[in-house]
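Numbering (our numbering), first residue to last: 44 to 420.
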Ligand SMILES: NC(=O)C1=CN([C@@H]2O[C@H](COP(=O)(O)OP(=O)(O)OC[C@H]3O[C@@H](n4cnc5c(N)ncnc54)[C@H](OP(=O)(O)O)[C@@H]3O)[C@@H](O)[C@H]2O)C=CC1
Ligand SMILES: N[C@@H](CC=O)C(=O)O
């Protein structure tokens, strides 16, 4: 199968390397690159050269961003080319539109690499759903923030220094605020909820990140036998669902607390299989390249065609996700009780209400930080 790569950065190079070194079923024959970097005979800066090339059966989009990625994917599908993408921002924003365009053109869309880097998460959810209903999912879905928290906790490193290292290693997004403010996890949570619950997931999730997390916060939680992880979560009950992204203070004894470096750990619960956990590198050139090449091979062999049916009319019910929260702030917080030096406890809040509470606290103290307390046991 002849394929074209759109974008030759961290992920695109990983895909090219894996295919050239390990895969005989596919060949990268075209690469979309910017005009000042046409260093390889396969490269062009004119997308028409790719979309009009009838020998190209599959387009791998790994440029990132919303436009022109969205337009290029739609054109590839309309030209009856299969599409594989690692771009969670464009998938979260346009999944329903892509699914419909792919069905109309009789081709397939593959999005494994958009969530969890090298971890086969999306394909596993699809497989689970052949038999079960997925009732909830939760996970460390961002390699950059896990890398940052892990280094701050284990090596006493400073936030800004570790973020710079995560950028050098190719884990971070072009604008790393997408990582540290939870936007990247929001996109991955929207995609996971869509595939797991069969719903066109709302973009209006409560989202908070780890921008204000300090070493002192980690020490405070460590004194209570916990550490902080940025989690994406989703739950479905009957005809309702909810999803949220927030820092969660997990028990030191949990698997989540032990996840090192750029690794991710995602968990789902389903009707007959029960709890399943998926662990691996959530970011980086070769792990993400691997997930893309797996999609390419599934497409080339014709064995695995994703269905991604988002037709369920579930109601978004944010009150389904409730926790106790710890807030470190100098602002006054209504209904709070003392937790520890400089930190307050607010009991039984819906995630959306907790996000609003944090926004109010930040108006007085812009360094405020809040984490949900994971239930013990
Ligand atoms: N890095 C990772 O670990 C992972 C990344 N992803 C996702 O994969 C996608 C790619 O990420 P990554 O490889 O890290 O990003 P990079 O920035 O390293 O690579 C993207 C490349 O595409 C180029 N590009 C952008 N627009 C165009 C265009 N119009 N025509 C040609 N080339 C273009 C960029 O050039 P320039 O830089 O000069 O603009 C850059 O070289 C993103 O959506 C990201 O979220 C998903 C999982 C993991
Ligand atoms: N920036 C992302 C890249 C992979 O999706 C991350 O750190 O997880």
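We put the CB at the ideal spot given by N, CA and C, even for glycine.
Top-ranked residue by Cα proximity to residue i, from the options
{"i": "residue 303", "options": "97, 184, 366", "result": "184"}
{"i": "residue 364", "options": "374, 181, 272", "result": "181"}
{"i": "residue 83", "options": "98, 99, 48", "result": "48"}
{"i": "residue 320", "options": "179, 105, 66, 123", "result": "179"}
{"i": "residue 187", "options": "199, 196, 45, 205", "result": "205"}
{"i": "residue 239", "options": "145, 174, 80, 160", "result": "174"}
{"i": "residue 176", "options": "230, 354, 324, 314", "result": "314"}
{"i": "residue 402", "options": "251, 391, 367, 263", "result": "251"}
{"i": "residue 86", "options": "55, 65, 114, 66", "result": "55"}
Inter-residue spacing [alpha-carbon to alpha-carbon] between residue i and residue j
{"i": "residue 88", "j": "residue 78", "result": "5 Å"}
{"i": "residue 129", "j": "residue 139", "result": "16 Å"}
{"i": "residue 328", "j": "residue 58", "result": "8 Å"}
{"i": "residue 120", "j": "residue 133", "result": "15 Å"}
{"i": "residue 393", "j": "residue 322", "result": "28 Å"}
{"i": "residue 61", "j": "residue 336", "result": "8 Å"}
{"i": "residue 316", "j": "residue 306", "result": "24 Å"}
{"i": "residue 300", "j": "residue 311", "result": "17 Å"}
{"i": "residue 382", "j": "residue 192", "result": "22 Å"}
{"i": "residue 63", "j": "residue 69", "result": "9 Å"}
{"i": "residue 376", "j": "residue 292", "result": "19 Å"}
{"i": "residue 92", "j": "residue 259", "result": "54 Å"}
{"i": "residue 278", "j": "residue 284", "result": "6 Å"}
{"i": "residue 352", "j": "residue 266", "result": "45 Å"}
{"i": "residue 378", "j": "residue 360", "result": "23 Å"}
{"i": "residue 141", "j": "residue 118", "result": "10 Å"}
{"i": "residue 270", "j": "residue 50", "result": "37 Å"}
{"i": "residue 71", "j": "residue 237", "result": "30 Å"}
{"i": "residue 220", "j": "residue 73", "result": "32 Å"}
{"i": "residue 370", "j": "residue 339", "result": "45 Å"}
{"i": "residue 257", "j": "residue 372", "result": "12 Å"}
{"i": "residue 407", "j": "residue 197", "result": "31 Å"}
Same chain, Cβ closer than 7 Å to residue i, five either side skipped, listed in chain order
{"i": "residue 216", "result": "222, 227"}
{"i": "residue 136", "result": "109"}
Cβ-Cβ separation, residue j to residue i (assumed contact under 8 Å), whole Å
{"i": "residue 109", "j": "residue 127", "result": "That belief does not hold up - the Cβ atoms of residue 109 and residue 127 are roughly 18 Å apart, past 8 Å."}
{"i": "residue 282", "j": "residue 357", "result": "6 Å"}
{"i": "residue 160", "j": "residue 326", "result": "5 Å"}
{"i": "residue 386", "j": "residue 263", "result": "6 Å"}
{"i": "residue 355", "j": "residue 242", "result": "5 Å"}
Collapsed DSSP secondary structure at residue i in the structure displayed
{"i": "residue 435", "result": "The structure shown does not extend to residue 435, since the chain spans only 44 to 420, so no value can be given for it."}
{"i": "residue 432", "result": "There is no way to answer for residue 432, as the model of the chain reaches only from 44 to 420."}
{"i": "residue 218", "result": "coil"}
{"i": "residue 255", "result": "coil"}
{"i": "residue 299", "result": "helix"}
{"i": "residue 323", "result": "strand"}
{"i": "residue 102", "result": "strand"}
{"i": "residue 146", "result": "helix"}
{"i": "residue 109", "result": "coil"}
Test: residue i CB closer than 8 Å to a CB of chain B
{"i": "residue 306", "result": "Protein chains in the displayed structure number just one, and chain B is not present."}
Spatial neighbours of residue i in its chain, beta-carbon cut-off 6 Å, leaving aside the 5 residues before and after
{"i": "residue 341", "result": "347"}
{"i": "residue 255", "result": "410, 412"}
{"i": "residue 112", "result": "104, 106, 130, 133"}
{"i": "residue 287", "result": "248, 249, 276, 364, 394"}
{"i": "residue 415", "result": "289, 291, 366, 368"}
Residues near residue i by beta carbon distance below 8 Å, same chain, minus five either side
{"i": "residue 349", "result": "151, 152, 153, 154, 165, 166, 169"}
{"i": "residue 98", "result": "45, 72"}
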